[in-house]
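Below you'll find the structure, written out as C-alpha cells, and then a few comments.
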Amino acid sequence: MPELPEVETLKRALTPLVLNKRLLELNFLRKNLRFPIPSSELHKGLLNQKISAITRKGKYILIHAPDGSLLVHLGMSGRVTQAPSMKPMEKHTHALFKFEPNIYLHYIDPRCFGCLLWIPKGNGHPLLDGLGPDPIDQEITAQEMKMAAKNCSTVSIKNFLMDAKRIAGIGNIYACEALFAARIYPKKPARKINVAQWTILLSVLREILQKSIVAGGTTLRDFHSTDGSQGYYKFKLAVYGKENKPCPICNEPIKRIVQSARSTFYCKVCQK
DNA sequence: AAAACTACCTGAGTGC
DNA sequence: TGCACTCAGGTAGTTT
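Per this note's numbering, the first sequence starts with residue 76, numbered consecutively.
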C-alpha cells in the first residue's frame, strides 16, 4: 500500500489507538525484514512504556516512547492492521503488538522490504538523516527546488522527484500523477525546470497528496478489517497504469516508458 | 561525485 | 490446470 498518503493515513489511524497507551505485549515472528529486527532492544525500549507521540517523515513512521522510538517502514507491500488478538490472522504476519487496554496491531509484509528498528532517545538514524524535506509537512519553496536541481547534470525531473534525498516520500505513482497535473514531460532534465514550473509542480503535488490522504481517510472506518490498503485505490489516477487508455484531457493514448527501471506513464501531447 | 543499476522477496496477472 | 514468464506502490548498497 505504501506511498506517502497511505503512510500518513496509517499514522492518523494509529494515533487514537496507541497515543498515551502502554505497550503490553510484543512478539516477532521472524528475525529479519529488510534489516534484522532488533528484538531485544525493542522489547527493552518499548514494553510497558507509554507512547508519547506518533510522527512521520517521508514514508517512515516513528512511534515515540520515553527511551526512544520504533521506526516503521512498510516497504512495497507492508500493512498494519488491527486484529482481535495476538494470534496471526494472515500469512506474512511478522510482528504483533498489544497496547492497553485491548488494542492489537499486526504488521504484515509479504515481500519483507519494510523495516522495524529501534532508535534510542537522542540519536539520529541514517535512514532518516539523509531524507529531503517532506512535501506536506514542511514548506518547500520553488526557489529551493530550483537551486537543488541546478547541479543535476542529467537527472530527469521524474527521477528527481523520486529521490528521497531530494524530496521525501514521493513514489512512482505520485511522481507520474504530479508531472501529468503540472504538464511536465517526465524525461525533462530537472535542472531545466524553472521557478514558475516548480511552483506549479509543488502546488499540484501537495494537492494530489492531500486529496489522496482525504480519500485514505475513509479507510479509517475499514481499519478494523483485515484490509488496511483501501484508500489508495479510491484516489482517481489520471495516468498511472493507464497505458493506451485515453488521456483525460486530450484523449491521446497514454504512453508507458521506463526510467531507471521503473514504469513512467504520461501523455505526449499534454506534457512538454 | 553523481547517476544508474542491482538486489532483496512474494504474489498477481498473462500467455501458452 | 499448470507452467513460465513479467511486473509490482521502495530503497540501500554497488557499480559505472
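For glycine and all other residues, C-beta sits at the position ideal for the given N, C-alpha and C.
query                                                                                                  : result
Residues that proline 321 bridges to, as DSSP identifies them                                          : Pro328
Proline 195 - partner residues in DSSP beta bridges                                                    : Gly143
Boundaries (first-last residue) of the beta strand (DSSP E) holding serine 338                         : 337–341
Buried versus exposed, by CB contacts within 10 Å (16 or more), threonine 71                           : Outside the displayed span of the chain (76 to 347) sits residue 71, for which this structure offers no information.
Touching by the beta-carbon criterion (3+ pairs, under 8 Å), the region 218–233 and the region 182–193 : no
Three or more C-beta pairs below 8 Å linking the region 176–185 and the region 207–216                 : no
Extent of the continuous beta strand (DSSP E) to which isoleucine 112 belongs                          : Here isoleucine 112 belongs to no beta strand (DSSP E), and DSSP marks it neither H nor E.
Alpha-carbon to alpha-carbon, alanine 256 and valine 230                                               : 20 Å
Reference leucine 121, options Asp204, Leu284, Gln334, Leu145, closest by Cα                           : Leu145
Nearest neighbour of lysine 173, chosen from Gly133, Lys119, Met237, Leu101 [CA to CA]                 : Leu101
Contact belief for aspartate 142 with lysine 96 at Cβ below 8 Å, rounded distance in angstroms         : That belief does not hold up - the Cβ atoms of aspartate 142 and lysine 96 are roughly 16 Å apart, past 8 Å.
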